[in-house]
Amino acid sequence: MKKNKHPLKALSFDMSEPSLEFLSNREVTIEGSKGVLEYSDTLIRISLKMMTVSFVGRGLNLKCISESALIISGFISEVKFTV
Amino acid sequence: MILRILRYLSGYVRFEIISRFPERFLNITSKRSLRVWGAKREGARLYACMYMKDYLSIRPVARAASARLKITQKKGVPVILRAHRGRVGLLFGAAAFLLVIFVMSQFILSIEITGADRVSVSELKEELREEGLYVGAFKPALDYDMIARNMLIKDKDLGWMAVNVSGSYASVELKEESLPPPVEDISTPCNIKASRDGVIVSSNIAQGASMIEKGSGVIKDQLLVSGVIEDAAGGVSFVHASAEVIAKTVREMTFSLDKDRSSLEPLSASVSRYRAGIFSLSVPLSFSNAGGEYAAVRSEERGMRLLDTDIPLSVIREDVYSFDLCEKRFSEKEARTFLERQSLLYEAFALCDCTVEEREYDFSYDEERCYLKVTYHCLEDIACQNPIIIQKDEEE
Chain W
415 MKKNKHPLKA
425 LSFDMSEPSL
435 EFLSNREVTI
445 EGSKGVLEYS
455 DTLIRISLKM
465 MTVSFVGRGL
475 NLKCISESAL
485 IISGFISEVK
495 FTV
Chain X
15 MILRILRYLS
25 GYVRFEIISR
35 FPERFLNITS
45 KRSLRVWGAK
55 REGARLYACM
65 YMKDYLSIRP
75 VARAASARLK
85 ITQKKGVPVI
95 LRAHRGRVGL
105 LFGAAAFLLV
115 IFVMSQFILS
125 IEITGADRVS
135 VSELKEELRE
145 EGLYVGAFKP
155 ALDYDMIARN
165 MLIKDKDLGW
175 MAVNVSGSYA
185 SVELKEESLP
195 PPVEDISTPC
205 NIKASRDGVI
215 VSSNIAQGAS
225 MIEKGSGVIK
235 DQLLVSGVIE
245 DAAGGVSFVH
255 ASAEVIAKTV
265 REMTFSLDKD
275 RSSLEPLSAS
285 VSRYRAGIFS
295 LSVPLSFSNA
305 GGEYAAVRSE
315 ERGMRLLDTD
325 IPLSVIREDV
335 YSFDLCEKRF
345 SEKEARTFLE
355 RQSLLYEAFA
365 LCDCTVEERE
375 YDFSYDEERC
385 YLKVTYHCLE
395 DIACQNPIII
405 QKDEEE
């Protein structure tokens, strides 16, 4: 059996890839964002490294925006990745 | 919550972005590290919040994004300060308030002593004052451990003491020294002698040989109970005689009074005046005076409490009684009443160990003075312990 050389490798994060963290379907934190492509209260489209991600729902808000991260809050009913 | 407080302290604006593509504006601001939050789309309009200092520098950003910006709301401490910049008094008032709070917190405002049962609290407060702990004392100058140590050295009635200060409130906790009970000497050989002349009414002998009978008269220093006991074989032993011997005794006392006397006579009803106590200061609130050459003042202090804590504010009420010195000549009747009162006082204090069964009054007077001779017939314990000194023969 092949042994894993780095014991914490399974726990380490690849910071070069974008990450999405959901809090139920009410809030999502996106890190590694490249910009907001579309913004309305029913659809928010975010550009990531190699794809775009769309959040469909109602009452969607950009709670906080910084250089590479943003927080979307509202009732998210659908998430779509376009590669 | 902390983020909200920080935003409020720094000051922020809520503004409207008027553009065909407001997303461009958001992207450019995020690229330039300008913090934007609370973005909300309402129909064709987009609203967002930004720090006030950041907003001042986004005009080029808005131009690049072909957007027009319109402030809808300003919030935060800088906005409030700018709105009240003309009101200097308000600023000074707030500064003075903070200064007073800071200065007052540097002083002891209240002292509470717990655990004092036998020791007088007022005496303790006086001793603590000598050590520097009092209402109004400057806190940074106090060494609480040293105060407690000095108090324990000074006051032998204290077994343990701690001074705890919480804010401006000093709590002095103490434990009193537990004293050993007095040990009665029951081993030294002694006799019981009479302390006064009298007639024996009853005797209760715990130890020793009785030398008296009920109804017999005794004189002072007469042996009542002997501590020397002889047994049947002729041997002698010495014991610590102990007994209660009740006898009828007679005491005489003469009281006298000059007929011409100067006395202080009250002038009229008392006058009340008030003072305000602030820390150790006492500020008069009224200046009423009853007049008269002599005056006696009875004062009553009412301290104030706030949330079960003493505060260094009090109201002191003073009742002033004024007197004038009057020369007066007593009549025989007045003098007798006065002397009888004096005799009752003597009885209450000097004859407190006796039961006075009967009093005989003999009143007399001459030109200058009046006399009252009182004969008290008392019942009292006349037993008085007298140690037996045993001298050993040197030749033995």
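Protein chains in written order, with our numbering: chain W, 415 to 497; chain X, 15 to 410. Backbone N, C-alpha and C fix where the C-beta goes; we use that ideal spot for every residue, glycine too.
Assigned with DSSP and collapsed to three states, residue 154 of chain X falls in helix. Within the DSSP bridge table, the entry for residue 356 of chain X names no partner. DSSP links residue 466 of chain W through a beta bridge to W:461, W:496.
A Cβ of chain W is located within less than 9 Å of the beta carbon of residue 50 of chain X.
What residue 452 of chain W touches in chain X, judged by beta-carbon distance under 8 Å, is 37, going in chain order. Of the candidates X:124, X:248, X:198, X:124 places its Cα closest to the Cα of residue 321 of chain X. Straight across, the Cα-Cα distance linking residue 93 of chain X with residue 436 of chain W is about 36 Å. Proximity of residue 471 of chain W to chain X, defined by a Cβ-Cβ separation below 9 Å, is not satisfied.
Pairing residue 81 of chain X with residue 33 of chain X, the inter-Cα distance amounts to about 5 Å.
Distance check between residue 385 of chain X and each of X:350, X:129, X:258 places X:350 closest, using alpha-carbon atoms only.
As for any beta strand (DSSP E) of minimum length 3 sitting wholly inside the region 94-161 of chain X, the runs are 124-128, ordered along the chain. The continuous alpha helix (DSSP H) containing residue 43 of chain X extends over residues 36-45. With a threshold of 9 Å between beta carbons, residue 462 of chain W makes no contact with chain X.
Considering only beta carbons, no part of the region 147-181 of chain X lies closer than 8 Å to chain W. Residue 271 of chain X and residue 135 of chain X have their C-alpha atoms roughly 41 Å apart. For residue 397 of chain X, no alpha helix (DSSP H) run applies; the uninterrupted beta strand (DSSP E) run containing it begins and ends at 397-401, by DSSP. For residue 404 of chain X, the three-state secondary structure derived from DSSP is coil.
Residue pairing by DSSP puts residue 484 of chain W in a beta bridge opposite W:444, W:479.
Cβ-Cβ distances below 6 Å link residue 274 of chain X to 343 in the same chain, with the five nearest sequence neighbours on each side left out; the list follows chain order.
Here residue 301 of chain X is not bridged, per DSSP, to any residue.
Within chain W, the residues placing a beta-carbon under 8 Å from that of residue 47 of chain X are 480, 481, ordered along the chain. The C-beta of residue 475 of chain W has 16 or more other C-beta atoms within 10 Å across all chains shown, which makes the residue buried. With a threshold of 9 Å between beta carbons, residue 477 of chain W makes contact with chain X.
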